[in-house]
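Engineer: Read top to bottom, the protein sequences are chains Z and F. As numbered in my numbering, the first sequence has no gaps in its residue numbers, which increase by one up to the final residue, 667. As numbered in my numbering, the second sequence has no gaps in its residue numbers, which increase by one up to the final residue, 667. Note that beta-carbon positions come from the ideal geometry of N, C-alpha and C, so glycine has one too.
There are 2 protein chains.
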Amino acid sequence: MNTKSSPRSSTRPRLASLNRRERAPDHRAAGAPAAPQFRPIHTRRAFEEICERIREQLALGVLKPGDKLPAERDLAQQLGVSRNVLREALRSLEMAGVLRLQKGVKGGAFIREGDTSRMNDVMRDMLSLGTISVRELSEARVHVLDLVVRLACANVRAAHLDALEANVARTELATREGRLLDRVECSREFYKLLAAATGNKVIAMIMDSVTEIHMRFVYAKVASSGVAMARLAEKRRQFLAALRERNVSSATRLMRTHLESVQRMLEQDPGAMSLHVALAEVQPGFRR
Amino acid sequence: MNTKSSPRSSTRPRLASLNRRERAPDHRAAGAPAAPQFRPIHTRRAFEEICERIREQLALGVLKPGDKLPAERDLAQQLGVSRNVLREALRSLEMAGVLRLQKGVKGGAFIREGDTSRMNDVMRDMLSLGTISVRELSEARVHVLDLVVRLACANVRAAHLDALEANVARTELATREGRLLDRVECSREFYKLLAAATGNKVIAMIMDSVTEIHMRFVYAKVASSGVAMARLAEKRRQFLAALRERNVSSATRLMRTHLESVQRMLEQDPGAMSLHVALAEVQPGFRR
DNA sequence: TCCATTGAATGGGTGATCCATTTAATAATT
DNA sequence: AATTATTAAATGGATCACCCATTCAATGGA
Numbered sequence: 380m381n382t383k384s385s386p387r388s389s390t391r392p393r394l395a396s397l398n399r400r401e402r403a404p405d406h407r408a409a410g411a412p413a414a415p416q417f418r419p420i421h422t423r424r425a426f427e428e429i430c431e432r433i434r435e436q437l438a439l440g441v442l443k444p445g446d447k448l449p450a451e452r453d454l455a456q457q458l459g460v461s462r463n464v465l466r467e468a469l470r471s472l473e474m475a476g477v478l479r480l481q482k483g484v485k486g487g488a489f490i491r492e493g494d495t496s497r498m499n500d501v502m503r504d505m506l507s508l509g510t511i512s513v514r515e516l517s518e519a520r521v522h523v524l525d526l527v528v529r530l531a532c533a534n535v536r537a538a539h540l541d542a543l544e545a546n547v548a549r550t551e552l553a554t555r556e557g558r559l560l561d562r563v564e565c566s567r568e569f570y571k572l573l574a575a576a577t578g579n580k581v582i583a584m585i586m587d588s589v590t591e592i593h594m595r596f597v598y599a600k601v602a603s604s605g606v607a608m609a610r611l612a613e614k615r616r617q618f619l620a621a622l623r624e625r626n627v628s629s630a631t632r633l634m635r636t637h638l639e640s641v642q643r644m645l646e647q648d649p650g651a652m653s654l655h656v657a658l659a660e661v662q663p664g665f666r667r
Numbered sequence: 380m381n382t383k384s385s386p387r388s389s390t391r392p393r394l395a396s397l398n399r400r401e402r403a404p405d406h407r408a409a410g411a412p413a414a415p416q417f418r419p420i421h422t423r424r425a426f427e428e429i430c431e432r433i434r435e436q437l438a439l440g441v442l443k444p445g446d447k448l449p450a451e452r453d454l455a456q457q458l459g460v461s462r463n464v465l466r467e468a469l470r471s472l473e474m475a476g477v478l479r480l481q482k483g484v485k486g487g488a489f490i491r492e493g494d495t496s497r498m499n500d501v502m503r504d505m506l507s508l509g510t511i512s513v514r515e516l517s518e519a520r521v522h523v524l525d526l527v528v529r530l531a532c533a534n535v536r537a538a539h540l541d542a543l544e545a546n547v548a549r550t551e552l553a554t555r556e557g558r559l560l561d562r563v564e565c566s567r568e569f570y571k572l573l574a575a576a577t578g579n580k581v582i583a584m585i586m587d588s589v590t591e592i593h594m595r596f597v598y599a600k601v602a603s604s605g606v607a608m609a610r611l612a613e614k615r616r617q618f619l620a621a622l623r624e625r626n627v628s629s630a631t632r633l634m635r636t637h638l639e640s641v642q643r644m645l646e647q648d649p650g651a652m653s654l655h656v657a658l659a660e661v662q663p664g665f666r667r
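And the structure:
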């Protein structure tokens with residue numbers, strides 16, 4: 380039995396607004412198309428409500444990057460929830476790349492600049508969960524890269540070309556010194572720079588997300604078999620030349636044939652390659 | 380003063396593995412390319428470690444969709460952390476679409492089928508945070524849609540065509556009955572079906588993520604101004620005919636001109652359109 | 001002027017406790 | 001025997017009251 384009389388029933392007008400809230404009815408218009416029976420209603424929980432409210436303030440422009448939320452203890456009281464629940468919400472938003480939590484006096488929960496690498500995580504989870512396949516990802520990458528090359532030819536600027544040039548120089552150096560894994564890291568960077576050269580952060584984000592996983596496979600392959608893409612730096616220089624003269628067809632063709640040879644490299648001795656190995660392996664430069 | 384003697388120092392060999400863990404040194408190879416000074420080290424926190432371990436089990440294939448994690452109380456003890464911290468981790472994974480938490484006996488934390496709509500959230504957050512712009516998103520959508528049309532022409536199957544046909548029929552009905560917002564909902568569905576017709580879930584996911592936000596704008600525009608895209612169903616039928624005969628150039632051209640007219644519609648009287656309104660407005664069919 | 005000390009604010013983390021929901025086992029009723 | 005209530009246990013949801021570690025400004029001494 381619970382002998383100690385509940386010390387809480389007295390001081391608890393709190394959750395009136397947040398907790399135990401009646402669910403809003405589904406306002407789907409009467410004649411709505413393709414209404415699939417009823418969508419499952421998952422009970423509204425406090426932390427969801429909190430996340431939503433903060434995101435709402437964000438969408439409304441009330442909160443902007445750099446802004447600081449009230450201290451956990453204060454915000455919890457304002458929202459009428461316990462500190463623990465508030466923290467669940469803040470944690471989720473932190474994982475989502477929306478917040479940055481910082482300790483110490485003058486610390487707090489700050490709205491971050493958007494973190495475009497979040498899309499990588501989504502892609503990786505989808506692959507881990509088996510929702511998408513390596514084949515689909517590779518195919519998507521070919522198409523996206525094709526688009527990226529065309530856009531880069533249209534929009535590339537001197538600064539991008541310089542960065543790419545420097546990257547190829549590093550690739551060449553790594554090749555000469557036999558640092559094969561560093562060369563893979565160079566490749567990863569190359570595609571990131573190329574994506575940035577499109578001048579469109581949405582496209583770049585998409586490109587990065589399909590490239591990141593792909594490069595893990597390449598890394599795992601090179602690490603395990605020691606194979607190396609022949610004449611990589613040379614091919615990069617050719618491509619850069621085409622990009623510099625904004626020769627779309629030439630750049631596209633060079634990239635396509637390169638992708639094909641990479642694909643062949645990955646597919647030889649396929650038994651050694653494993654989705655799980657590539658995903659789970661902790662690799663330098665591949666932050667999780 | 381803290382009069383009550385700490386009751387914890389005795390029973391706490393727990394965190395040895397998880398908490399207060401020495402950070403692994405950065406094993407970046409010595410001559411690594413483009414090492415940007417030092418990457419900021421953010422203190423390793425328990426919940427991050429937990430998330431990572433669960434994701435690792437996922438990547439390793441030890442955990443699969445449908446599997447159930449141990450009960451919170453048990454898992455917390457196994458990991459040597461408090462239940463509250465474990466919950467922060469589970470919450471984050473739930474928000475990430477990896478887990479589904481279910482109450483009651485026989486409840487627990489289950490590994491979900493991958494939730495492709497997570498990419499939509501990323502896109503929305505990036506827009507809310509100002510990391511990407513509406514212009515970039517629209518531009519990306521044009522290019523992605525172009526790709527989708529080409530792939531759909533190559534891979535569309537009878538079932539897809541039937542679904543699209545049914546969608547257009549609903550569009551026609553909504554038009555006749557003057558249900559403009561339902562027609563927008565039909566459009567949203569149309570693009571989702573088209574994305575699925577590519578036969579590539581990665582491409583489909585990307586397409587959906589750039590479409591979702593766009594359709595919010597269309598919805599907000601139609602809701603506020605009452606304007607309607609002229610001859611929508613007719614245009615859809617023409618496009619479907621081209622898709623059915625796998626006529627890439629025709630389908631591409633039709634889609635492109637349609638996009639242009641939609642863009643013109645959105646841009647007239649631009650003062651009425653607001654990023655914040657479109658993002659924040661709760662709309663039927665637009666789950667958050 | 002510079003450096004060490006201190007203390008308050010803040011996020012990180014713990015453990016105990018209660019509530020609400022769900023399900024299966026059990027008892028009561030027809 | 002079949003059906004319907006009741007009960008009990010397991011589980012996630014939430015709260016409270018702490019304590020710890022980090023950070024940084026204020027303070028004070030050399």
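Helix, strand or coil for Asp-648(F) per DSSP?
Structural biologist: coil
Engineer: At the level of alpha carbons, what is the spacing between Arg-529(F) and Cys-565(F)?
Structural biologist: 22 Å
Engineer: Using only the alpha-carbon positions, how far apart do Ile-582(F) and Arg-635(Z) sit?
Structural biologist: 18 Å
Engineer: So, for Arg-479(Z): in the same chain, excluding its five sequence neighbours on each side, which residues have a beta-carbon less than 6 Å away from its beta-carbon?
Structural biologist: Counting only Cβ-Cβ distances below 6 Å, and skipping sequence neighbours, we find Phe-489, Arg-491.
Engineer: Would Asp-504(F) and Gly-493(Z) be called neighbours here (beta carbons separated by less than 8 Å)?
Structural biologist: yes
Engineer: Measuring straight from C-alpha to C-alpha, what distance separates Cys-430(Z) and Arg-625(Z)?
Structural biologist: 45 Å
Engineer: Which same chain residues, not among the five before or five after Arg-549(Z), have their C-beta less than 6 Å away from its C-beta?
Structural biologist: Around Arg-549(Z): Cys-565.
Engineer: Could you tell me whether the Cβ of Ala-659(Z) comes closer than 8 Å to any Cβ of chain F?
Structural biologist: yes
Engineer: Listing by chain order, which chain F residues have their CB less than 9 Å from the CB of Asn-463(Z)?
Structural biologist: Simply Asn-463, Arg-466, Glu-467.
Engineer: Name, please, each residue of chain Z whose Cβ falls closer than 7 Å to the Cβ of Val-501(F).
Structural biologist: Arg-497, Met-498, Val-501
Engineer: Would you identify the three-state DSSP class for Leu-480(Z), choosing helix, strand or coil?
Structural biologist: strand
Engineer: For a contact defined as C-beta to C-beta under 7 Å, what are the partners of Glu-518(F) on chain Z?
Structural biologist: Asn-579
Engineer: Would you list the one or two residues that DSSP bridges to Phe-569(Z)?
Structural biologist: Paired residues: none, contrary to the question.
Engineer: Identify the continuous beta strand (DSSP E) that holds Ala-488(Z) and give its terminal residues.
Structural biologist: 487 to 490
Engineer: If you draw a straight line from the alpha carbon of Arg-497(F) to that of Ile-511(F), how long is it in whole angstroms?
Structural biologist: 17 Å
Engineer: State yes or no: is the beta carbon of Met-471(F) nearer than 8 Å to at least one beta carbon in chain Z?
Structural biologist: Note on residue identity: the sequence assigns Ser, not Met, to residue 471(F). At least one chain Z Cβ lies under 8 Å of Ser-471(F).
Engineer: Ends of the alpha helix (DSSP H) at Lys-600(F)?
Structural biologist: 580 to 604
Engineer: Counting only C-beta atoms, is Pro-444(Z) closer than 8 Å to chain F at any point?
Structural biologist: Closer than 8 Å: yes.
Engineer: Under 9 Å Cβ-Cβ, which residues of chain F neighbour Glu-544(Z)?
Structural biologist: By Cβ distance, chain F contributes nothing, its closest Cβ being about 13 Å from Glu-544(Z), past 9 Å.
Engineer: Count the other C-beta atoms from every protein chain shown that fall within 10 angstroms of the C-beta of Arg-555(Z), then say buried if there are 16 or more, exposed otherwise.
Structural biologist: exposed
Engineer: What is the DSSP secondary structure of Lys-443(F), counted as helix, strand or coil?
Structural biologist: DSSP, read as helix, strand or coil, puts Lys-443(F) in coil.
Engineer: Is any beta-carbon of chain Z found at less than 8 Å from that of Ile-511(F)?
Structural biologist: Yes, Ile-511(F) counts as interfacial toward chain Z.
Engineer: How many angstroms separate the CA atom of Leu-658(Z) from the CA atom of Ile-585(Z)?
Structural biologist: C-alpha separation (whole angstroms): 19 Å.
Engineer: Shorter than 8 Å from the beta carbon of Ala-413(F) to some beta carbon of chain Z?
Structural biologist: Bear in mind that a pLDDT of 40 at Ala-413(F), under 50, signals an unreliable position, so the number given afterwards is only what the model happens to contain. So, interface residue.
Engineer: Using a cut-off of 9 Å between C-beta atoms, extract the partners of His-522(Z) located in chain F.
Structural biologist: Leu-526, Arg-529, Leu-530, Asn-579, Ile-582
Engineer: Just tell me which of Arg-452(Z), Glu-451(Z), Leu-458(Z), Ala-450(Z) has its CA closest to the CA of Arg-432(Z).
Structural biologist: Leu-458(Z)
Engineer: For Glu-591(F), is the classification buried or exposed, using 16 other Cβ atoms within 10 angstroms of its Cβ as the cut-off for buried?
Structural biologist: That one is buried.
Engineer: From the DSSP output, in three-state form, read off Ile-511(F) for me.
Structural biologist: coil
Engineer: Could you pull out every unbroken alpha helix (DSSP H) segment of at least 4 residues lying fully inside the segment 496 to 550 of chain F, listed in chain order?
Structural biologist: 497 to 507, 513 to 534
Engineer: Can you list the residues of chain F that Met-362(Z) reaches, using a CB-CB cut of under 8 Å?
Structural biologist: Since the first residue of chain Z shown is 380 and the last is 667, residue 362(Z) is not available in this structure.
Engineer: By the three-class DSSP mapping on this structure, what secondary structure does Glu-556(F) have?
Structural biologist: If DSSP states are grouped into helix, strand and coil, Glu-556(F) belongs with coil.
Engineer: Out of Gln-436(F), Leu-572(F), Arg-520(F), which has the shortest C-alpha to C-alpha gap to Gln-642(F)?
Structural biologist: Gln-642(F) has its Cα closest to that of Arg-520(F), out of Gln-436(F), Leu-572(F), Arg-520(F).
Engineer: Our contact map puts Leu-638(Z) next to Val-535(Z) with C-beta atoms below 8 Å; I'd like the distance itself, whole angstroms only.
Structural biologist: The pair is not a contact, with the Cβ atoms about 19 Å apart (cut-off 8 Å).
Engineer: On the CB-based measure, 16 or more other CB atoms within 10 Å of its CB, does Glu-473(Z) come out buried or exposed?
Structural biologist: buried
Engineer: Can you name the residues of chain Z whose CB is closer than 8 Å to the CB of Phe-489(F)?
Structural biologist: Neighbours of Phe-489(F) on chain Z: none; closest Cβ ~12 Å, over 8 Å.
Engineer: Looking at chain F, which residues of the segment 589 to 618 of chain Z have a Cβ within less than 8 Å of any of its Cβ atoms?
Structural biologist: Val-589
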